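Comments concern the structure below.
Number of protein chains: 2
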Amino acid sequence: MKATATFISTQKEAPADAEVVSHKLMMRAGFIKRLGAGIYNYMPLGLRVIRKVEAIIREEMVRAGAVELLMPVVQPAELWQETGRFQAYGPELMRVKDRHERDFVIQPTSEEVITDIARQELRSYKQLPRNFFHIQTKFRDERRPRFGVMRGREFTMKDAYSFDRDKAGALKSYQTMFDAYKRIFDRFGLQYRAVAADTGAIGGDASHEFQVIADTGEDDIVYCPTSEYAANIELAEALPLLASRAAASQALAKTPTPGKSTCADVAELLKLPLAQTVKSLVLATDELNAKGDIVKSTVWLLLVRGDHDLNEVKAGKVEGLKDGFRFATVAEIEEHFGCKPGYLGPIGLKKPVKVVADRTVANMADFVCGANEADFHFTGVNWGRDLPEPDLVADIRNVVAGDPSPDGKGVLAIQRGIEVGHVFYLGTKKYSTPMKAQFLDENGKAQPFEMGCYGIGVTRILGAAIEQNHDERGMIWPVAIAPFAVVICPIGYDRSPEVQAEADKLHDALAAEGIDVLLDDRGERPGAMFADWELIGVPLRVVLSDRGLKAGTVEMQGRRATTADIVPMAEVVARVKGHLAA
Amino acid sequence: MKATATFISTQKEAPADAEVVSHKLMMRAGFIKRLGAGIYNYMPLGLRVIRKVEAIIREEMVRAGAVELLMPVVQPAELWQETGRFQAYGPELMRVKDRHERDFVIQPTSEEVITDIARQELRSYKQLPRNFFHIQTKFRDERRPRFGVMRGREFTMKDAYSFDRDKAGALKSYQTMFDAYKRIFDRFGLQYRAVAADTGAIGGDASHEFQVIADTGEDDIVYCPTSEYAANIELAEALPLLASRAAASQALAKTPTPGKSTCADVAELLKLPLAQTVKSLVLATDELNAKGDIVKSTVWLLLVRGDHDLNEVKAGKVEGLKDGFRFATVAEIEEHFGCKPGYLGPIGLKKPVKVVADRTVANMADFVCGANEADFHFTGVNWGRDLPEPDLVADIRNVVAGDPSPDGKGVLAIQRGIEVGHVFYLGTKKYSTPMKAQFLDENGKAQPFEMGCYGIGVTRILGAAIEQNHDERGMIWPVAIAPFAVVICPIGYDRSPEVQAEADKLHDALAAEGIDVLLDDRGERPGAMFADWELIGVPLRVVLSDRGLKAGTVEMQGRRATTADIVPMAEVVARVKGHLAA
Numbered sequence: 001m002k003a004t005a006t007f008i009s010t011q012k013e014a015p016a017d018a019e020v021v022s023h024k025l026m027m028r029a030g031f032i033k034r035l036g037a038g039i040y041n042y043m044p045l046g047l048r049v050i051r052k053v054e055a056i057i058r059e060e061m062v063r064a065g066a067v068e069l070l071m072p073v074v075q076p077a078e079l080w081q082e083t084g085r086f087q088a089y090g091p092e093l094m095r096v097k098d099r100h101e102r103d104f105v106i107q108p109t110s111e112e113v114i115t116d117i118a119r120q121e122l123r124s125y126k127q128l129p130r131n132f133f134h135i136q137t138k139f140r141d142e143r144r145p146r147f148g149v150m151r152g153r154e155f156t157m158k159d160a161y162s163f164d165r166d167k168a169g170a171l172k173s174y175q176t177m178f179d180a181y182k183r184i185f186d187r188f189g190l191q192y193r194a195v196a197a198d199t200g201a202i203g204g205d206a207s208h209e210f211q212v213i214a215d216t217g218e219d220d221i222v223y224c225p226t227s228e229y230a231a232n233i234e235l236a237e238a239l240p241l242l243a244s245r246a247a248a249s250q251a252l253a254k255t256p257t258p259g260k261s262t263c264a265d266v267a268e269l270l271k272l273p274l275a276q277t278v279k280s281l282v283l284a285t286d287e288l289n290a291k292g293d294i295v296k297s298t299v300w301l302l303l304v305r306g307d308h309d310l311n312e313v314k315a316g317k318v319e320g321l322k323d324g325f326r327f328a329t330v331a332e333i334e335e336h337f338g339c340k341p342g343y344l345g346p347i348g349l350k351k352p353v354k355v356v357a358d359r360t361v362a363n364m365a366d367f368v369c370g371a372n373e374a375d376f377h378f379t380g381v382n383w384g385r386d387l388p389e390p391d392l393v394a395d396i397r398n399v400v401a402g403d404p405s406p407d408g409k410g411v412l413a414i415q416r417g418i419e420v421g422h423v424f425y426l427g428t429k430k431y432s433t434p435m436k437a438q439f440l441d442e443n444g445k446a447q448p449f450e451m452g453c454y455g456i457g458v459t460r461i462l463g464a465a466i467e468q469n470h471d472e473r474g475m476i477w478p479v480a481i482a483p484f485a486v487v488i489c490p491i492g493y494d495r496s497p498e499v500q501a502e503a504d505k506l507h508d509a510l511a512a513e514g515i516d517v518l519l520d521d522r523g524e525r526p527g528a529m530f531a532d533w534e535l536i537g538v539p540l541r542v543v544l545s546d547r548g549l550k551a552g553t554v555e556m557q558g559r560r561a562t563t564a565d566i567v568p569m570a571e572v573v574a575r576v577k578g579h580l581a582a
Numbered sequence: 001m002k003a004t005a006t007f008i009s010t011q012k013e014a015p016a017d018a019e020v021v022s023h024k025l026m027m028r029a030g031f032i033k034r035l036g037a038g039i040y041n042y043m044p045l046g047l048r049v050i051r052k053v054e055a056i057i058r059e060e061m062v063r064a065g066a067v068e069l070l071m072p073v074v075q076p077a078e079l080w081q082e083t084g085r086f087q088a089y090g091p092e093l094m095r096v097k098d099r100h101e102r103d104f105v106i107q108p109t110s111e112e113v114i115t116d117i118a119r120q121e122l123r124s125y126k127q128l129p130r131n132f133f134h135i136q137t138k139f140r141d142e143r144r145p146r147f148g149v150m151r152g153r154e155f156t157m158k159d160a161y162s163f164d165r166d167k168a169g170a171l172k173s174y175q176t177m178f179d180a181y182k183r184i185f186d187r188f189g190l191q192y193r194a195v196a197a198d199t200g201a202i203g204g205d206a207s208h209e210f211q212v213i214a215d216t217g218e219d220d221i222v223y224c225p226t227s228e229y230a231a232n233i234e235l236a237e238a239l240p241l242l243a244s245r246a247a248a249s250q251a252l253a254k255t256p257t258p259g260k261s262t263c264a265d266v267a268e269l270l271k272l273p274l275a276q277t278v279k280s281l282v283l284a285t286d287e288l289n290a291k292g293d294i295v296k297s298t299v300w301l302l303l304v305r306g307d308h309d310l311n312e313v314k315a316g317k318v319e320g321l322k323d324g325f326r327f328a329t330v331a332e333i334e335e336h337f338g339c340k341p342g343y344l345g346p347i348g349l350k351k352p353v354k355v356v357a358d359r360t361v362a363n364m365a366d367f368v369c370g371a372n373e374a375d376f377h378f379t380g381v382n383w384g385r386d387l388p389e390p391d392l393v394a395d396i397r398n399v400v401a402g403d404p405s406p407d408g409k410g411v412l413a414i415q416r417g418i419e420v421g422h423v424f425y426l427g428t429k430k431y432s433t434p435m436k437a438q439f440l441d442e443n444g445k446a447q448p449f450e451m452g453c454y455g456i457g458v459t460r461i462l463g464a465a466i467e468q469n470h471d472e473r474g475m476i477w478p479v480a481i482a483p484f485a486v487v488i489c490p491i492g493y494d495r496s497p498e499v500q501a502e503a504d505k506l507h508d509a510l511a512a513e514g515i516d517v518l519l520d521d522r523g524e525r526p527g528a529m530f531a532d533w534e535l536i537g538v539p540l541r542v543v544l545s546d547r548g549l550k551a552g553t554v555e556m557q558g559r560r561a562t563t564a565d566i567v568p569m570a571e572v573v574a575r576v577k578g579h580l581a582a
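Residue numbers (full-length UniProt numbering), protein chains in the order written: chain A, 1 to 582; chain B, 1 to 582.
Pasting the structure below:
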């Protein structure tokens, strides 16, 4: 393709609202154009990348036995009412009424619609397993759209849905998708991790996120460099750092800690390790009556070590907190602890609270905690002696780098990632049971489908790829999803007939090899031309000039390279092929 | 591909709400599945056809120099307010508010958005001409969605938009698109006509519809079999059928025509040709004041020959009717004509009306018309003698078959068509001027873009193709857009190892030739298997059986053929290729 046959529009400056590098570079390189908050036009170069991403996904989905169809963007609310999601989904769900005042949604996903198809089309166990997917426009009315395509409102997603006769089948379908996703992300040429993830509100038992590694990612990925273990921070299990509780060796003492309300400040003041302190977090749960009024509230004290952080997802799995919790109000705290936040602890409570200790805290001895009196902490605190054993012991903290790996095969490391894919075992509860989506088994008995769902954020891939691969000059695309694999930059294309003829010839020779090559025929000056293609991030550049041609050579330079190779004209095609295959 | 790798789900009966054959067949063949009124899931076989249609469109658009991008489905209302379409567009425009109560539309087309892109990106005449297109989901909230994909609410459309510096350039862009559309429809393998069309409310000067010929079409296409002339009925010019007015030869006479209120009844009663009668149609126009109240109404009498029909689009072009008209009320008619509808005519009016005669009526002599008295008509009516000359003479009727062609090269014929494409010269008034979309010319002066827009209803193509190509057994697809070009039907695939081996071998051999072949590996019985593929309309079927293989032959049968050819195994690939290329 020639540059004049597509549309290239680069800018020196990114708009002020672009906060992250991928957003800035996509705007500057003319990949996207803002239409509204979180809504973008995909300009020709951006669309080329999208199409390549889609093609890889499509090929691997089909290879894995999934069948493509296309479900509508605008979906009747009735189906969403069957699962309760029409009510339960927050304002992210864009709701709309048609001219007859009937309710519709702009789809954020298509579980209801595919389940509706399945309950009509899949009548017998003989038709199972079955996996349908589509690549379609989605809309989520984000409260604060930002980061360009990373958290947009309208985006393209591939979503697949599997239907199986039993859990074993569903887990096999899940594994098939997991393997397909690995092939897809391998083919993208991105560094990624498949991490075990929490199943969250959607329910189900098995879940993995595919995270593209990037320092700018929003998610913490926990992994063990010496084993296969990988999970997101919400799920990664924190083992107790103390195998057992040591005997008490200090007396309980109330120590003045004026103005030191954080564990770090207290540890510094007392010249103790931070790991000797315990942090108090106060939650509350409410019991409601049928009218939705609060009839009783319970206050909870959660204890994690001073150098650890509470993991709210894990807290939400503690017996008694499963149905939802909130942070306690200051009034509730004062009522139960007799003290304002900052000096709270489990000793000397005014009213009963439920005490949940993190596994590590439960094994601590001689620890430090707030004294429930402003400007005082206790030191030398010991379970059993100074206060009752905790009501519950649970894993309620985030792991930190250096923690033992849950698989016992090393210690954990943490890196940042961007979630671009998700595979999810759904089971029967969320969709097939409420929608009465059933098949007949061998005995003629109706059984609900065991389901799984599998998403890839197509447009988000672009942002993630750029966050991972860029430098101060611009984007750096992996060959498989680059807008063009090779750009030919002829110097003086508009002036030198020889340069023009050789550039055209090289273009045709590379195109004939099936290489996605662009010839820059715009007649730009070398500096501006090179800057454009570095910004756009084409992986390989071939420069033709009168001087080079006289010597029978061209210059070839990979996007990450700092110098060019001088390549004899006769070898260019082979060298380009070799470079792209590497 | 093997049948078990896709999803085949056929039905004997179409649902009751399917009125037209394409809707029935698409439902029965499992191409679409209803999700709501006018909203369909595209099932795997239907989606295959869509993808082939899209690929052909995309190739020819790119060949014609258009550049693909992707504009959002959900579009901010602000742009639509700039052109006034947010207010002016009827309830077909799906309007929606986001969580912040901001207005959006679900796009039915993208003129505003592309014009917004152009005014930002195309700053100089040097960047022109430019043509952008996208293939995207559209939504139109039809009052009465029906006919399956023919008049659905959500559908896929290719829309292209050209930007030029002047009208000559815009008309050249228009011609380029016109030529590209011809290539596209040629490649689809459908019978079609490009017909000149009215430019309607959208404005502009040049417009052609691409109509797929089908007896079940909703549009009348007018064409001249002996010339290139083709237009839709709204536009096709009706020349006067009488070159000049004959001298009066009859006296005016009031004749009783009791109960005969139509021209046909009157002609029969009086034993006169229908072409001797004149039909009266009464319209009204209103003048409004600034508040929108009617301050004055004018009544119009439009006269067409008894065997002709009023063309409301043409009437709307008559001086005085251009700003909109309505049919007169019965009260207005009685006030001006002194008579109820049924016996109206231009003679003996109670109050002044504006009389518009069709070109043919203006040249009639000794004609028959209503006498403005119930149960009476005048005969022997002559202009000038019995009534004043008409206020206006204009082309206000539909052409009929046999009318002279406006190009003077023969007589007109009429056939039915389905509009699937439209090319449209927009000019500057509708979008570029109100949106201040301008470029700088050579003199540094800002000029509005001369625009054109060009649509193809992607999903509608499926319905139109089926309306044109089907028989009692099902659809008949042209090779280029068939879900599969060839189906291999092995008899006893699940029982006979030899049949299975040969079928697999033939599948691979055809696939290796780049032929889109499906092997039916479901193990269905021949009757059901053949019925499925006839319903689905695959253009060519190859049947393998043990008996045939013993003789070294297969049976090959085109979808329209009534008998099969016996083809030696060694020749099958060549014969299939030959058949598909034919």
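Think of the CB as a built atom: it goes at the ideal place given N, C-alpha and C, for glycine as much as any other residue.
Just so we're clear, the structure is a prediction, and the values are computed from it rather than from any experiment.
- A Cβ-Cβ distance of about 6 Å is found for the pair A/P539 and A/A485, placing them in contact under the 8 Å criterion.
- In the three-state scheme derived from DSSP, where H, G and I count as helix and E and B as strand, B/M451 is classed as strand.
- In terms of CA proximity to B/S432, B/E450 leads the group B/P497, B/E450, B/D265, B/G417.
- Around the beta-carbon of A/E218, fewer than 16 other beta-carbon atoms lie within 10 Å, marking it exposed.
- Around the beta carbon of A/A29, 16 or more other beta carbons lie within 10 angstroms, which makes this residue buried.
- Here the region 530–537 of chain B makes contact with the region 470–481 of chain B; the two share three or more CB pairs at distances below 8 Å.
- A/M71 reaches chain B at N41, counting residues in chain order whose Cβ is nearer than 7 Å.
- If you draw a straight line from the Cα of A/K322 to the Cα of A/D391, it comes to about 16 Å.
- No residue range can be given for A/T277, since it is assigned to no beta strand (DSSP E) and is classified by DSSP as neither H nor E.
- For A/Q81, no chain B residue has a Cβ inside 9 Å of its Cβ, as the nearest lies near 13 Å away.
- Three or more pairs of CB atoms, one per stretch, sit closer than 8 Å, so the region 146–154 of chain B contacts the region 16–26 of chain B.
- Residue contact check for B/G36 against chain A: a CB pair falls below 8 Å.
- The beta-carbon separation of B/V73 and A/T137, rounded to 5 Å, stays under the 8 Å limit for a contact.
- Every alpha helix (DSSP H) stretch that sits fully inside the region 65–109 of chain B and reaches 4 residues is listed by chain position as 77–82, 85–88.
- By the C-beta density criterion, B/T562 is exposed, having fewer than 16 other C-beta atoms within 10 angstroms.
- Taking 8 Å as the cut-off, the Cβ atoms of A/T459 and A/I50 count as close.
- Contact between A/P406 and A/E237 holds, with the beta-carbon distance rounding to 4 Å and staying under 8 Å.
- Shortest Cα-Cα distance from B/K12 to any of B/G65, B/L235, B/A528 involves B/A528.
- The C-beta of B/K577 comes no closer than 8 Å to any C-beta of chain A.
- In the three-state reduction of the DSSP assignment, A/Q415 falls in the strand class, which pools E and B.
- For the region 371–444 of chain B, not one full-length alpha helix (DSSP H) segment reaches 4 residues or more.
- Ranked by Cα distance from B/K429, the options B/V62, B/E82, B/V20 are led by B/E82.
- According to the DSSP assignment, B/R48 belongs to the alpha helix (DSSP H) that extends over 44–63.
- Note on B/T4: under 16 other CB atoms within 10 angstroms of its CB, so exposed under the neighbour-count rule.
- A/M43 and B/A66 have their C-alpha atoms spaced approximately 13 Å apart.
- Excluding the 5 residues flanking it on each side, B/L70 has same chain C-beta neighbours closer than 6 Å at H134, in chain order.
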